[in-house]
Amino acid sequence: MQGNIACAEGALAAGCQYYAGYPITPSSEIMEHLSNRLPEVNGVFMQMEDEIASICSMIGASWAGAKAMTATSGPGFSLMLEGLGYALMTETPCVIVNIQRAGPATGQATRPGQSDIMQARWGAHGDYRIIGLSPWSVQEMYDLTIKAFNLAEQYRVPVILLADEVVGHLKESFIIKPELEIFIRDSTMTDKPFGTEQDDGVPPMPAFGQGAKLLVTGSTHNQFGIRKVADPKVQDILVNRLCNKIDRHKKEICETESYLTDDAEYLFVSFGISARSAYAVVKQLRNQGIKAGLLRYKTIWPFDEDELKQTAQNCKMIFVPEMNRGQLVLEIQRVLCDKQVISIPKTQGEAIYPSEISNEFKKYTT
Amino acid sequence: MNQEILDRLRMDDRFPHILCPGCGIGSAMNAMIRAIAESGLTNDDICIISGIGCSSRVPGYIDADTFHTLHGRAIPSATGVKLAHPDKEMIIIAGDGDLLAIGGNHFIHAARRNLDMTVILINNHNYGMTGGQYSPTTPQGKRAKTAPYGCVERAFDACEMGIGSGAVFVARSTTYHTPHLKGLIKQAMKKNGFALVEVISQCPTLYGRLNRMGDAVKMLEYFKENSITVSQVKEPKDAEGKIVIGVLHDIEAPEYYESYRKVCEHAQRR
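Chains as they are written, first to last, in the working numbering: chain A, 86 to 451; chain B, 33 to 302.
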């Protein structure tokens with residue numbers, strides 16, 4: 086099955102009842118597949134007039150109680166940033182799939198890229214935290230889409246699946262587990278759907294129609310949802326909780342995978358399809374007797390700093406291959422400021438090959 | 033104030049409201065609440081959705097599920113709520129800038145789609161919230177903060193735009209004719225499909241002042257003297273320079289959700 090179709094099926098398995106999107110290469114297979122499948126399960130499929138409308142209608146559906154998703158690529162993701170900020174501020178669970186392509190602007194519509202990593206983290210205005218996941222296989226297009234829904238519902242936050250054209254169009258077989266862990270949103274009736282006693286809590290989220298007489302606003306609001314746009318304390322409490330609820334739950338949210346890192350002298354740190362090439366390089370180097378390892382980020386945002394520090398502790402050099410001009414490497418350099426961290430960027434709008442990574446590796450190690 | 037209106041409002045610390053003295057939005061809101069009440073709908077039956085602007089602040093005062101969304105995005109946001117919750121009555125309140133400029137694309141496509149919702153456009157011919165800049169409905173030659181020499185652009189006729197885009201019900205009234213307006217809103221809510229009610233409203237603080245139109249009372253008198261009902265228009269020139277009020281358009285067309293349900297049934301029979 087194709088990665089994009091696996092993503093769509095993962096959404097259905099997670100209980101997605103609403104999809105709204107706008108056609109864009111290389112993500113369109115997701116919406117084509119869901120236009121076929123959602124009517125079969127009494128779900129709603131909408132092709133909207135643009136990506137702004139897509140994300141807004143998805144947010145509306147989520148407030149009406151439905152699990153909701155949209156999918157897009159670079160230019161569409163740029164348009165969605167407005168709605169992304171609204172979803173963050175109103176703590177609306179939703180899933181945004183970004184099948185990344187080479188940019189900026191229209192760029193190379195049919196070619197892969199991983200250059201929206203920082204945009205996903207910082208693109209909307211204001212202070213916030215987001216969750217971003219990075220699949221490296223068709224299996225993970227399925228699994229991480231389900232995980233994206235679970236995290237979105239649990240933390241009341243938009244979750245971005247940061248896939249790329251290679252994984253999206255990759256065809257592989259994968260395993261569908263008969264039993265899934267599905268998180269059900271806490272929709273307990275409350276008069277405080279926007280605040281908790283703790284400064285890192287996730288409030289319950291009653292839906293429209295449940296009788297809660299909700300006040301949902303993108304303006305600064307107190308725990309009741311009442312606008313308090315000139316109250317410094319309310320803004321402070323809200324923004325800090327939006328960040329704390331993610332930052333302080335990194336242990337539960339973050340997922341990384343380590344390959345042969347225990348005795349590694351040379352550590353590759355990567356994500357998505359780039360990590361797959363890096364994995365091939367690690368195996369080659371091990372065959373040559375070179376102690377190489379790979380730390381792969383399945384959860385890019387929030388960034389798991391502790392795992393990186395621990396894994397890299399005894400490493401001589403760190404290499405970061407990625408299909409952009411060097412984005413995630415900035416995080417790694419920030420965390421490992423006392424280590425030699427080398428960026429292996431590729432900006433040609435095609436997958437980064439193992440040979441390209443090993444050539445760069447050789448330059449620095451011989 | 034009538035107790036029936038008060039009962040529909042959130043009476044905690046939301047009042048006094050933010051609207052300027054003489055603003056027409058309160059009159060439109062009053063007509064809307066009465067229309068909801070007279071239609072036999074409780075506050076639990078409705079969802080009131082808005083974007084950003086003076087008129088978009090109305091939902092915050094009403095004790096119902098309310099959704100204060102992004103500038104221009106009330107209609108797509110309502111689309112998601114309605115499709116996930118088809119039993120709810122969707123009422124959208126928008127200003128002229130919100131609905132026709134930044135939200136113009138959503139407006140025409142929602143009208144084309146014909147999903148059941150009622151859009152109340154409060155048209156005061158300028159951007160009030162940001163200080164009186166010209167909007168897509170500022171008449172050519174009229175002044176605004178960003179049109180100190182008079183507006184160069186031609187204005188939209190929102191009702192014509194709605195009709196041209198496929199809305200099944202289009203009507204217009206003014207803040208002078210509030211009982212008339214209330215009746216139109218009732219009809220619009222009853223209509224199964226995309227319905228638009230334009231309310232010509234006064235902004236004495238900005239648009240009115242900049243164009244030396246006098247105070248709110250003067251502006252309301254202007255609406256009174258310059259309005260003409262649909263039935264009074266015998267030939268096109270009768271409407272020239274006038275505000276044509278009443279039901280401008282009322283047709284039957286398949287409603288989106290009902291059509292989509294048929295698609296679901298078909299998909300499930302396969």
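Virtual Cβ for every residue (Gly too), placed ideally from N, Cα, C.
Minimum length 3: unbroken beta strand (DSSP E) runs contained in the segment 286 to 341 of chain A: 300 to 302
Alpha-carbon to alpha-carbon, Q295(A) and T273(A): Mapped onto the first sequence, residue 273(A) falls at position 188. Mapped onto the first sequence, residue 295(A) falls at position 210. Using only the alpha carbons, I get a separation of about 10 Å.
Neighbourhood of A133(B) by C-beta, 6 Å cutoff - its chain only, sequence neighbours within 5 removed: Taking the second sequence and counting its residues from 1, one reaches residue 133(B) at position 101. Answer for A133(B): P168, listed in chain order.
Proximity test, Cβ basis, 8 Å: R105(B) and chain A: Taking the second sequence and counting its residues from 1, one reaches residue 105(B) at position 73. Closer than 8 Å: yes.
Three or more C-beta pairs below 8 Å linking the segment 274 to 281 of chain B and the segment 190 to 200 of chain B: yes
Between the CA atoms of I124(B) and I260(A) - distance to the nearest angstrom: As a first step, residue 260(A) must be located in the first sequence, where it is residue number 175. As a first step, residue 124(B) must be located in the second sequence, where it is residue number 92. Taking the straight line from one Cα to the other gives about 45 Å.
Cβ pair count under 8 Å reaching 3, the segment 246 to 253 of chain A against the segment 200 to 219 of chain A: When C-beta atoms of the segment 246 to 253 of chain A are compared with those of the segment 200 to 219 of chain A, three or more pairs fall below 8 Å, so the two segments count as touching.
Chain-ordered chain B contacts of A315(A) [CB-CB under 7 Å]: In the first sequence, counting from the first residue as 1, residue 315(A) sits at position 230. Under the 7 Å cutoff, chain B gives no residues; its nearest Cβ is about 12 Å from A315(A).
Residues of the segment 112 to 135 of chain A with Cβ closer than 8 Å to any Cβ of chain B, in chain order: N121, P124, E125, N127, V129, M131, M133, E134 and D135
Sub-8 Å separation of N156(B) and C235(B) beta-carbons: Within the second sequence, residue 156(B) is the residue found at index 124, counting from 1. Within the second sequence, residue 235(B) is the residue found at index 203, counting from 1. Yes. Within cutoff.
A105(A) - containing beta strand (DSSP E), residue span: As a first step, residue 105(A) is located in the first sequence; it is residue number 20 there, counting from the start. From DSSP, the beta strand (DSSP E) with A105(A) extends over Y103 to G106.
Cutoff 8 Å: H117(B) Cβ touching any chain A Cβ: Residue mapping note: residue 117(B) aligns to position 85 of the second sequence, counting from 1. Taking CB atoms only, H117(B) has a neighbour in chain A less than 8 Å away.
G163(B), buried or exposed, once every other Cβ within 10 Å from all chains shown has been counted against 16: Your numbering for residue 163(B) matches position 131 in the second sequence. Result: exposed.
Residues of its chain near R435(A), where Cβ-Cβ distance is below 7 Å and the 5 sequence neighbours each way are ignored: Position 350 of the first sequence, counted from the start, is the residue given in the question as residue 435(A). With the sequence shown as reference, residue 435(A) is identified as Glu, and Arg is not the correct amino acid for it. The residues are R196 and P197.
Three-state class that DSSP yields for W386(A) in the structure shown: Within the first sequence, residue 386(A) is the residue found at index 301, counting from 1. Of the three classes helix, strand and coil, the one that applies to W386(A) here is strand, per DSSP.
L370(A) and L380(A) closer than 8 Å at C-beta: Working through the first sequence from its first residue, we reach residue 370(A) at position 285. Working through the first sequence from its first residue, we reach residue 380(A) at position 295. In this structure, L380(A) does not lie closer than 8 Å to L370(A) by Cβ.
From P178(A), V242(A), A297(A) and E257(A), residue whose alpha carbon lies closest to that of D332(A): Taking the first residue of the first sequence as 1, we reach residue 332(A) at position 247. Answer by Cα proximity: V242(A).
Where D45(B) falls: helix, strand or coil (DSSP): Position 13 of the second sequence, counted from the start, is the residue given in the question as residue 45(B). Reduced to three states, the DSSP call for D45(B) is coil.
Residues of its chain near I231(A), where Cβ-Cβ distance is below 7 Å and the 5 sequence neighbours each way are ignored: The sequence position of residue 231(A) within the first sequence is 146, counting from 1. For I231(A), where only same-chain residues beyond five positions count, the Cβ hits under 7 Å are G95, A98, A99 and L265.
Partners in chain A for C296(B), counting only beta-carbon separations shorter than 8 Å: Here residue 296(B) refers to the residue found at position 264 when the second sequence is read from its first residue. Ordered by position in chain A, the residues that pass the 8 Å Cβ test against C296(B) are P124, E125 and N127.
Cβ-based burial, V420(A) [other Cβ within 10 Å; buried from 16]: The residue you call residue 420(A) lines up with position 335 of the first sequence. Counting Cβ neighbours within 10 Å, V420(A) comes out buried, since at least 16 surround it.
Beta-carbon neighbours of R312(A), restricted to chain B and to distances below 7 Å: If you number the first sequence from 1, residue 312(A) lands on position 227. G92, listed in chain order.
Straight-line Cα distance separating K335(A) from N183(A): Numbered from 1 along the first sequence, position 98 holds the residue referred to as residue 183(A). Numbered from 1 along the first sequence, position 250 holds the residue referred to as residue 335(A). Each residue's alpha carbon lies about 22 Å from the other.
Under 7 Å from the C-beta of G159(A): neighbouring residues of chain B: The residue labelled residue 159(A) in the question sits at position 74 within the first sequence. Result: empty, since nearest Cβ-Cβ is about 20 Å, beyond 7 Å.
Between the CA atoms of Q204(A) and T178(B) - distance to the nearest angstrom: By one-based count along the second sequence, residue 178(B) stands at place 146. By one-based count along the first sequence, residue 204(A) stands at place 119. Cα-Cα distance, rounded: 33 Å.
Chain B residues whose Cβ lies nearer than 8 Å to that of Q102(A): For the purposes of this step, residue 102(A) is taken as the residue at position 17 of the first sequence. Going along chain B in sequence order, the residues near Q102(A) (Cβ under 8 Å) are A116.
CB contact check: C79(B) to chain A, cutoff 8 Å: In the second sequence, counting from the first residue as 1, residue 79(B) sits at position 47. So yes, C79(B) belongs to the interface.
Closest by C-alpha distance to H360(A), when choosing among I311(A), L413(A) and P317(A): The count along the first sequence starts at 1 and reaches residue 360(A) at position 275. The question names His, yet the displayed sequence has Ala at residue 360(A). It is L413(A).
Spatially closest choice to Q87(A) from Y227(A), S120(A), I215(A) and G192(A), by CA coordinates: As a first step, residue 87(A) must be located in the first sequence, where it is residue number 2. Checked all of Y227(A), S120(A), I215(A) and G192(A); the closest Cα to Q87(A) is Y227(A).
Completely contained beta strand (DSSP E) runs for the segment 167 to 241 of chain B, where each covers 3 or more residues: 201 to 206 and 226 to 232
Cross-chain neighbours of D95(B) in chain A, by beta carbon under 9 Å: Position 63 of the second sequence, counting from 1, holds the residue named residue 95(B). Taking the beta carbon of D95(B) as reference, the chain A residues within 9 Å of it are K298, listed in sequence order.
Where T273(A) meets chain B, residues with beta-carbon distance less than 7 Å: Counted from its first residue, the first sequence places residue 273(A) at position 188. By Cβ distance, chain B contributes nothing, its closest Cβ being about 16 Å from T273(A), past 7 Å.
Contacting residues, own chain, Cβ-Cβ under 8 Å from W386(A) (five flanking each side not counted): As a working note, residue 386(A) is residue 301 in the first sequence. Excluding positions up to five away in sequence, the list reads A205, R206, R214, I215, I216, G217 and I245.
Where G217(A) falls: helix, strand or coil (DSSP): By 1-based counting over the first sequence, the position of residue 217(A) is 132. Correct three-state label for G217(A): strand.
Range of the contiguous alpha helix (DSSP H) that encloses P189(A): Your numbering for residue 189(A) matches position 104 in the first sequence. Per DSSP, P189(A) belongs to no alpha helix (DSSP H) and is neither H nor E.
Per-residue contacts from N32(B) into chain A (C-beta, under 8 Å): No statement about residue 32(B) is possible, as the shown extent of chain B runs from 33 to 302 and does not include it.
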